[in-house]
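Input: a single structure, listed below in structure tokens.
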Amino acid sequence: MHTQPEQPDIITWQHFEQTDIRVGTIVEANDFPEARRPAYQLLVDLGSLGLKKSSAQVTDLYKREELIGRQVLCVTNLGKKQIGKFMSEVLVTGFEDENGHIVLAQPATAVPNGAKLR
Numbered sequence: 022m023h024t025q026p027e028q029p030d031i032i033t034w035q036h037f038e039q040t041d042i043r044v045g046t047i048v049e050a051n052d053f054p055e056a057r058r059p060a061y062q063l064l065v066d067l068g069s070l071g072l073k074k075s076s077a078q079v080t081d082l083y084k085r086e087e088l089i090g091r092q093v094l095c096v097t098n099l100g101k102k103q104i105g106k107f108m109s110e111v112l113v114t115g116f117e118d119e120n121g122h123i124v125l126a127q128p129a130t131a132v133p134n135g136a137k138l139r
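For the record, in the sequence shown the residue sitting at position 112 is 133 according to the working numbering, with numbers rising by one throughout.
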């Protein structure tokens, strides 16, 4: 039996261009015990955009010390989001694996911090 493939909502090219996705390097990772779901508080170096804070629910697959120096893709223009007493400034992106754990989205090779996804 064949099922219909999932059809994502179509957006315009102009809408896509408005999404600012940049690469950054995690320079700090701290426990976030106040979060409702297990998470880390991250500090990400986004080059010319500076250091930005983010909360990431990646505790199932990553230890804090493994995150330091790792490059990740971040959405930088969503605005700030209050998470408990923590103010997240960017969204660190990832994908759910078959167990619902988040796998970080990363460039295949190192690129300069702040480089924009094209």
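Every residue gets a Cβ at the ideal spot worked out from N, C-alpha and C, and that includes glycine.
8 Å contact criterion, which residue i and residue j should meet: CB distance rounded
{"i": "V124", "j": "L82", "result": "6 Å"}
{"i": "T80", "j": "C95", "result": "Incorrect: roughly 18 Å between the Cβ atoms, too far for contact."}
{"i": "I42", "j": "L138", "result": "4 Å"}
Residue i versus residue j - alpha carbon distance
{"i": "L72", "j": "T24", "result": "45 Å"}
{"i": "R85", "j": "T33", "result": "38 Å"}
{"i": "L93", "j": "Q62", "result": "Note that residue 93 is Val in the sequence shown, not Leu. Rounded to whole angstroms, V93 to Q62 spans 14 Å at the Cα level."}
{"i": "G90", "j": "A136", "result": "16 Å"}
{"i": "P128", "j": "G100", "result": "23 Å"}
{"i": "E49", "j": "Q103", "result": "19 Å"}
{"i": "L64", "j": "P26", "result": "38 Å"}
{"i": "N51", "j": "H122", "result": "19 Å"}
{"i": "N134", "j": "Q35", "result": "24 Å"}
{"i": "F107", "j": "G45", "result": "20 Å"}
Closer than 8 Å to chain C by CB, residue i
{"i": "T24", "result": "The structure shown contains no chain C; it holds only a single protein chain."}
Under 8 Å between C-beta atoms of residue i and residue j
{"i": "I47", "j": "L112", "result": "no"}
{"i": "A56", "j": "S76", "result": "yes"}
Contacting residues, own chain, Cβ-Cβ under 7 Å from residue i (five flanking each side not counted)
{"i": "P59", "result": "Q78, T80"}
{"i": "S109", "result": "K74, S75, S76, K101, K102"}
6 Å Cβ shell around residue i - same chain, five flanking residues per side excluded
{"i": "T40", "result": "none"}
Cβ-based neighbour list, residue i, same chain, cut-off 8 Å, excluding 5 preceding and 5 following
{"i": "N98", "result": "Q39, T40, D41"}
{"i": "E117", "result": "I123, V124"}
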